[in-house]
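*Asks:* Just passing along the structure, written as structure tokens.
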Amino acid sequence: MANDLIFYTNPMSRGRTIRWMLEEVGASYETVLLDYASSMKDPDYLAVNPMGKVPAIVHHGKVVTEGAAICAYLADAFPEAGLAPPLADRADYYRWLFFAAGPVEQAFTNKSLGVTPSDEQKRMVGYGCFEQTIDTLEAAVAATPYVTGDSFTAADVYVGAQIGFMLQFGMLEPRPAFVAYWNRISARDTFKRAAAVDDALIAAAQEAAAEG
């Protein structure tokens with residue numbers, strides 16, 4: 001049943017990544033749309049995620065937050081979709097999924113805030129330096145068609161969404177490896193369906209605001 005899986009999101013958020021992941025697993029789900037100004041901070045939602053952030057899911061009464069965790073969880077919860085490698089083959093899967101959630105996220109957040117660690121601070125921050133992080137990410141997507149090899153996995157949803165977002169907004173140098181990787185995975189029908197849903201929600205909200 002749809003209400004066995006509830007998806008909390010905003011179409012202009014990292015929830016787009018989870019919408020894509022939900023399309024990949026083919027699960028039925030209920031969507032709860034939240035806005036930044038009010039409902040994300042309502043007590044009802046804070047009971048789900050005290051951080052007041054999206055995305056979040058509730059599956060069979062269990063809460064999962066954080067994009068990478070949700071992707072990994074859904075891959076395991078819906079194994080028939082084949083989005084998680086066998087346990088013996090998950091080294092690259094976990095490595096790059098959490099590299100994107102950790103060093104890549106930190107590096108780009110600091111860059112967008114104009115924060116550049118000094119040489120001494122580089123030992124303290126998880127990503128070291130921005131340039132090294134990007135070079136490492138490039139190597140990960142250039143080596144094989146997907147980050148775990150020849151097969152698309154949940155790690156590609158998360159890594160790919162990060163790369164696509166940063167390319168779209170000029171935050172990432174459009175190196176050939178990044179562009180080729182993004183073009184390859186964004187051609188998936190699952191991505192197109194998810195993006196169409198969120199784009200339609202954005203358009204409807206903008207139209208309602210204009211009329212109001």
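Residue numbering for the sequence shown follows full-length UniProt numbering, starting at 1 and increasing by one per position. Even glycine gets a Cβ: it sits at the ideal position worked out from N, Cα and C.
Answer with buried or exposed for F169, where buried requires no fewer than 16 other C-beta atoms within 10 angstroms of its C-beta.
*Replies:* Exposed, since its Cβ has fewer than 16 Cβ neighbours within 10 Å.
*Asks:* If you pair each beta-carbon of the segment 170-184 with each one of the segment 195-206, do three or more pairs fall below 8 Å?
*Replies:* No: fewer than three Cβ pairs fall under 8 Å.
*Asks:* Beta strand (DSSP E) containing E120: first to last residue?
*Replies:* Element bounds for E120: n/a, residue is neither H nor E.
*Asks:* Measuring straight from C-alpha to C-alpha, what distance separates A154 and M21?
*Replies:* Taking the straight line joining both Cα atoms gives about 7 Å.
*Asks:* Please report the Cβ distance between I57 and F7, rounded to the nearest whole angstrom; I am assuming they are in contact, meaning their Cβ atoms lie under 8 Å.
*Replies:* Yes, they are in contact, since the Cβ atoms of I57 and F7 sit about 5 Å apart, within 8 Å.
*Asks:* Cβ of A68 within 8 Å of Cβ of Y158?
*Replies:* In this structure, Y158 lies closer than 8 Å to A68 by Cβ.
*Asks:* Thinking residue 213 and G15 are a contact (beta carbons under 8 Å), I'd like their distance in whole angstroms, please.
*Replies:* With the chain represented from 1 up to 212, any question about residue 213 goes unanswered, as that position is not in the structure.
*Asks:* Can you tell me the Cα-Cα spacing of S151 and S13, whole angstroms?
*Replies:* If I take the Cα positions, the gap works out to 27 Å.
*Asks:* Around the C-beta of Q162, are 16 or more other C-beta atoms found within 10 angstroms, so that it is buried, or is it exposed?
*Replies:* With 16 or more Cβ atoms within 10 Å of its Cβ, Q162 is classed as buried.
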